[in-house]
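Written out below as structure tokens is the structure these notes cover.
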Amino acid sequence: MDIEETFQVDNEDLSTKFKDLQRRLHPDKFANKSPVEKEYSEQQSSLINKAYTTLQKPLDRGVYLLEQNKVYLEEDETIAEPEFLLSMMEINEEIESSNDEVSLMELDKENKLRIESIISSLKDAFEKRELKNAKKLLIELRYIMNIDNKISDKIRHLF
Amino acid sequence: MLRNVQSKLRPILGPNSPALSQAFYHKKVIDHYENPRNVGSLDKKKTSVGTGLVGAPACGDVMKLQIEVDANGKIVDAKFKTFGCGSAIASSSLATEWVKGKNINEAGEIKNSDIAKELSLPPVKLHCSMLAEDAIKAALKDYKTKNEKEAVRN
Chain A
1 MDIEETFQVD NEDLSTKFKD LQRRLHPDKF ANKSPVEKEY SEQQSSLINK AYTTLQKPLD
61 RGVYLLEQNK VYLEEDETIA EPEFLLSMME INEEIESSND EVSLMELDKE NKLRIESIIS
121 SLKDAFEKRE LKNAKKLLIE LRYIMNIDNK ISDKIRHLF
Chain B
160 MLRNVQSKLR PILGPNSPAL SQAFYHKKVI DHYENPRNVG SLDKKKTSVG TGLVGAPACG
220 DVMKLQIEVD ANGKIVDAKF KTFGCGSAIA SSSLATEWVK GKNINEAGEI KNSDIAKELS
280 LPPVKLHCSM LAEDAIKAAL KDYKTKNEKE AVRN
């Protein structure tokens with residue numbers, strides 16, 4: 001997609017390039033072309049969609065970048081970092097017991113700050129090519145994004 | 160916690176669609192997260208209590224499993240708290256049921272494959288049962304460490 005392989009991505013540039021590519025490759029453009037050309041256009045267009053959605057989100061983008069460097073977040077891995085897990089447990093419990101808009105909004109605000117801070121550390125880690133640290137931060141981001149979804153879900157269901 | 164699972168499912172399933180939900184999860188999994196056994200906490204400061212806290216980095220689940228052991232090494236109580244998917248909740252709920260009444264050596268022999276088999280977990284959810292096995296092991300280890308220290312002190 002002509003995007004540099006860095007964690008820092010300019011979302012506007014990404015979106016412009018995505019739209020430009022889709023304008024050229026979208027199956028609608030190939031309606032009157034041969035079946036082979038149609039098939040290529042469908043394949044390319046769906047690949048570009050996938051690339052765009054992956055690169056847009058910091059978590060997916062980070063996991064992809066790690067994988068490009070042969071570092072993987074294994075499915076069957078277990079972590080036992082008591083301090084981190086305990087704080088994740090506590091935040092989850094807090095969300096569970098919060099049932100009013102004010103406290104949920106407050107939790108959301110706190111969590112958005114956590115997201116920002118992890119993303120900025122991730123940028124650093126990738127720039128310095130500290131992949132082990134990047135992996136650790138991406139795991140944290142995964143937990144924090146789950147929490148973000150839970151808070152948004154809960155707010156949506158309340159109102 | 161339960162509410163979380165249901166609210167996650169609700170957008171896809173609608174409030175009352177048992178037939179559909181069974182297509183996603185085996186009925187034993189559904190049973191465990193609709194009626195989770197032994198949810199809660201034990202006093203982690205007590206010497207007779209072992210606490211296991213583990214996480215699955217690939218999905219962002221966190222699982223806490225606690226056991227209370229009597230003077231004969233028998234597990235007399237077990238509690239869990241899990242924030243994660245239905246399979247992770249069911250695996251830890253089943254794990255607490257299974258460890259209760261066992262002595263600490265027997266409990267250490269519980270295998271993730273037994274949990275997965277009992278709940279008919281699909282291959283993509285096997286790691287949830289692994290997490291439960293790791294949680295049991297971590298709780299046993301915590302109990303043993305605490306009691307070795309206690310033995311030294313006496």
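Chains as they are written, first to last, in my numbering: chain A, 1 to 159; chain B, 160 to 313. Ideal Cβ positions, reconstructed from N, Cα and C, are used throughout, including at glycine. The model shown is predicted, which means the values in this text are computed figures rather than measured ones.
Cβ-heavy atom distance, residue i to the ligand GTP, below 7 Å
{"i": "residue 284 of chain B", "result": "Summarising the ligand content, the structure contains no ligands, and the ligand GTP is consequently not present."}
Contact under 8 Å by Cβ, residue i with residue j
{"i": "residue 91 of chain A", "j": "residue 139 of chain A", "result": "no"}
{"i": "residue 185 of chain B", "j": "residue 251 of chain B", "result": "no"}
{"i": "residue 56 of chain A", "j": "residue 25 of chain A", "result": "no"}
{"i": "residue 95 of chain A", "j": "residue 19 of chain A", "result": "no"}
{"i": "residue 248 of chain B", "j": "residue 195 of chain B", "result": "yes"}
{"i": "residue 296 of chain B", "j": "residue 267 of chain B", "result": "yes"}
{"i": "residue 254 of chain B", "j": "residue 269 of chain B", "result": "yes"}
{"i": "residue 294 of chain B", "j": "residue 201 of chain B", "result": "no"}
{"i": "residue 271 of chain B", "j": "residue 246 of chain B", "result": "no"}
Counterpart residues of residue i in DSSP-defined beta bridges
{"i": "residue 6 of chain A", "result": "The partner list for residue 6 of chain A (beta bridge, DSSP) is empty, contrary to what the question assumes."}
{"i": "residue 159 of chain A", "result": "In DSSP, residue 159 of chain A forms no bridge with anything."}
{"i": "residue 144 of chain A", "result": "None; residue 144 of chain A has no bridge partner."}
{"i": "residue 262 of chain B", "result": "B:233"}
{"i": "residue 198 of chain B", "result": "B:239"}
Range of the contiguous alpha helix (DSSP H) that encloses residue i
{"i": "residue 62 of chain A", "result": "58-68"}
{"i": "residue 253 of chain B", "result": "245-258"}
{"i": "residue 112 of chain A", "result": "101-127"}
{"i": "residue 31 of chain A", "result": "Residue 31 of chain A -> no alpha helix (DSSP H), and no H or E assigned at all."}
{"i": "residue 276 of chain B", "result": "271-278"}
{"i": "residue 237 of chain B", "result": "Premise fails: residue 237 of chain B lies in the beta strand (DSSP E), 234-242, not in any alpha helix (DSSP H)."}
{"i": "residue 79 of chain A", "result": "It is not in any alpha helix (DSSP H) - residue 79 of chain A carries neither H nor E in the DSSP assignment."}
{"i": "residue 268 of chain B", "result": "No alpha helix (DSSP H) contains residue 268 of chain B, which DSSP labels as neither H nor E."}
{"i": "residue 284 of chain B", "result": "First-last for residue 284 of chain B: undefined, no H or E at that position."}
{"i": "residue 12 of chain A", "result": "11-25"}
Proximal chain B residues relative to residue i, where beta-carbon distance stays under 7 Å
{"i": "residue 64 of chain A", "result": "Those do not exist, as residue 64 of chain A stays about 14 Å from chain B at its closest Cβ, beyond 7 Å."}
{"i": "residue 146 of chain A", "result": "219"}
Extent of the continuous beta strand (DSSP E) run through residue i
{"i": "residue 222 of chain B", "result": "220-228"}
{"i": "residue 71 of chain A", "result": "Careful: residue 71 of chain A lies outside any beta strand (DSSP E) and carries neither H nor E."}
{"i": "residue 210 of chain B", "result": "208-215"}
7 Å Cβ cut-off: residues of chain A touching residue i
{"i": "residue 273 of chain B", "result": "Here the premise fails: no neighbours, minimum Cβ distance about 16 Å."}
{"i": "residue 298 of chain B", "result": "The premise fails here: residue 298 of chain B is roughly 11 Å from chain A at the closest Cβ pair, so nothing lies under 7 Å."}
{"i": "residue 282 of chain B", "result": "Chain A residues near residue 282 of chain B: none, gap ~10 Å exceeds 7 Å."}
Chain A contact residues for residue i, given Cβ-Cβ distances below 9 Å
{"i": "residue 293 of chain B", "result": "78, 80"}
Within chain B, partners of residue i - CB distance below 8 Å
{"i": "residue 89 of chain A", "result": "212, 221, 223, 240, 242"}
Neighbour list for residue i in chain A, Cβ cutoff strictly below 8 Å
{"i": "residue 290 of chain B", "result": "78"}
{"i": "residue 237 of chain B", "result": "Per Cβ cutoff of 8 Å: no residues; residue 237 of chain B is ~17 Å from chain A at best."}
What residues in the segment 66-87 of chain A bring their beta carbon closer than 7 Å to a beta carbon of chain B?
-> 73, 74, 75, 76, 77, 78, 79, 80, 82, 85, 86
Give the residues from the segment 124-143 of chain A that approach chain B closer than 8 Å (Cβ to any Cβ), ordered along the chain.
-> 139, 142, 143
Against chain A: residues of the segment 193-212 of chain B by CB proximity under 7 Å | 212
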